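Peer 1: Before I ask anything, let me first share the structure, which is written out below as structure tokens.
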């Protein structure tokens with residue numbers, strides 16, 4: 665079984681400041697890790713994914729995440745945020761890439777302050 | 002290449018009624034998964050269909066059922082609706098190349 669913990673339910677950040685959204689996971693098997701973004705009244709959009717290889721993963725909209733196996737973490741970062749980054753962010757884990765369920769965290773609401 | 006489309010976008014039902022939600026998979030995708038996202042929560046896995054067969058189920062009662070059709074589109078049926086069934090229902094499709102593509106969801110309100 666897998667589980668995901670997103671440590672911060674809300675993160676307010678000033679525009680153009682850096683941000684880190686934290687995610688820790690638990691799994692008894694090798695995992696695939698994902699970050700999704702959800703804008704108001706919309707579905708989920710994939711930001712980035714870790715499947716294997718380099719532990720630093722780059723995604724869309726200037727986001728990146730680092731997989732840390734020893735700390736079972738997959739934190740999301742962006743060096744300079746914009747107003748348009750205001751959204752809900754979900755970390756998710758899966759035991760397979762496409763054929764197994766995704767287990768999501770409870771989400772982090774990122775609010776950008778002008 | 003079309004994405005995942007869900008219908009309807011919103012609907013309101015009365016407690017005890019039945020509802021059917023629909024999902025058209027992304028072209029080339031043969032696996033469909035359904036998720037329930039309650040307000041302020043992360044999505045919860047309901048079940049998955051692969052080649053018209055249920056291929057995994059989450060912790061949801063039997064009144065949640067589904068179908069997948071030969072064209073890989075899918076339905077989610079919920080019987081005997083309860084107030085707690087009010088949520089955003091998300092459909093995701095995936096194919097042999099891996100990865101999940103989500104639709105925009107159906108917002109169900111049970112009154």
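Chains as they are written, first to last, in the working numbering: chain A, 665 to 778; chain V, 2 to 112. All C-beta atoms in this analysis are idealised placements derived from N, C-alpha and C, irrespective of residue type, glycine included. Just so we're clear, the structure is a prediction, and the values are computed from it rather than from any experiment.
Tell me where the beta strand (DSSP E) around residue 697 of chain A begins and ends.
Peer 2: Per DSSP, residue 697 of chain A belongs to the beta strand (DSSP E) from 696-702.
Peer 1: Checking contacts by CB at 9 Å: is residue 763 of chain A closer than that to chain V?
Peer 2: Yes, contact with chain V.
Peer 1: Which of the three DSSP states, helix, strand or coil, is assigned to residue 763 of chain A?
Peer 2: DSSP places residue 763 of chain A in coil when its eight states are reduced to three.
Peer 1: Leaving out five residues before and five after residue 764 of chain A in sequence, what residues of the same chain have Cβ atoms less than 7 Å from its Cβ?
Peer 2: Result list for residue 764 of chain A: 758, in chain order.
Peer 1: Could you check what DSSP says for residue 748 of chain A in three-state terms: helix, strand or coil?
Peer 2: Residue state, collapsed to three classes: helix.
Peer 1: Can you tell me whether residue 110 of chain V is buried or exposed, with buried defined as 16 or more other CB within 10 angstroms of its CB?
Peer 2: With fewer than 16 other Cβ atoms within 10 Å, it is exposed.
Peer 1: Taking the Cβ atom as the reference point for each residue, do residue 34 of chain V and residue 74 of chain V lie within a distance shorter than 9 Å?
Peer 2: Cβ distance not < 9 Å, so residue 34 of chain V and residue 74 of chain V don't count as in contact.
Peer 1: Report the residue from A:751, A:775, A:772 and A:738 whose alpha carbon sits nearest the alpha carbon of residue 705 of chain A.
Peer 2: The option with the nearest alpha carbon to residue 705 of chain A is A:751.
Peer 1: Taking its Cβ as the centre, do 16 or more other Cβ atoms sit within 10 Å of residue 38 of chain V, making it buried, or is it exposed?
Peer 2: That one is buried.
Peer 1: Taking 9 Å as the cut-off, decide whether the C-beta atoms of residue 7 of chain V and residue 90 of chain V are in contact.
Peer 2: Yes; because the gap between Cβ atoms is below 9 Å, this pair is in contact.
Peer 1: Given a cut-off of 9 Å, decide if residue 16 of chain V and residue 82 of chain V are closer than it, judged by their beta-carbon atoms.
Peer 2: Against a cut-off of 9 Å, the Cβ pair of residue 16 of chain V and residue 82 of chain V comes out as a contact.
Peer 1: Cutting at 6 Å between CB atoms, please list the residues of its own chain near residue 728 of chain A, excluding the five before and the five after it.
Peer 2: So the list reads 722 and 741, once near-sequence residues are dropped.
Peer 1: Among residues of its own chain, excluding the 5 on either side of residue 746 of chain A, which ones have a beta-carbon nearer than 8 Å to its beta-carbon?
Peer 2: Answer for residue 746 of chain A: 679, 680 and 776, listed in chain order.
Peer 1: Could you name the residues of chain B that residue 42 of chain V contacts, counting a contact when the two beta carbons are closer than 7 Å?
Peer 2: Protein chains A and V are contained in the structure displayed, whereas chain B is not.
Peer 1: Let me confirm a value: residue 724 of chain A is counted as buried when at least 16 other C-beta atoms fall within 10 Å, else exposed. Which label applies?
Peer 2: Classification for residue 724 of chain A: exposed.
Peer 1: For the stretch 37-97 of chain V, which segments carrying the alpha helix (DSSP H) assignment without a break, of at least 4 residues, lie completely within its bounds, in sequence order?
Peer 2: Counting whole runs of 4 or more residues, the stretch 37-97 of chain V contains no alpha helix (DSSP H) stretch at all.
Peer 1: Can you give me the C-alpha to C-alpha distance between residue 766 of chain A and residue 58 of chain V, rounded to a whole angstrom?
Peer 2: Residue 766 of chain A and residue 58 of chain V: Cα-Cα distance of roughly 12 Å.
Peer 1: For the beta strand (DSSP E) that residue 676 of chain A lies in, which residues bound it at each end?
Peer 2: Segment 674-678, the beta strand (DSSP E) holding residue 676 of chain A.
Peer 1: Of the residues A:708, A:771, A:714 and A:739, which one's Cα is nearest the Cα of residue 754 of chain A?
Peer 2: Nearest option by C-alpha distance: A:771.
Peer 1: What separation, rounded to the nearest whole angstrom, lies between the Cα atoms of residue 18 of chain V and residue 80 of chain V?
Peer 2: The straight-line gap from Cα to Cα measures roughly 6 Å.
Peer 1: Within 10 angstroms of its Cβ, does residue 26 of chain V collect 16 or more other Cβ (buried), or is it exposed?
Peer 2: Answer is buried; the Cβ neighbour count reaches 16.
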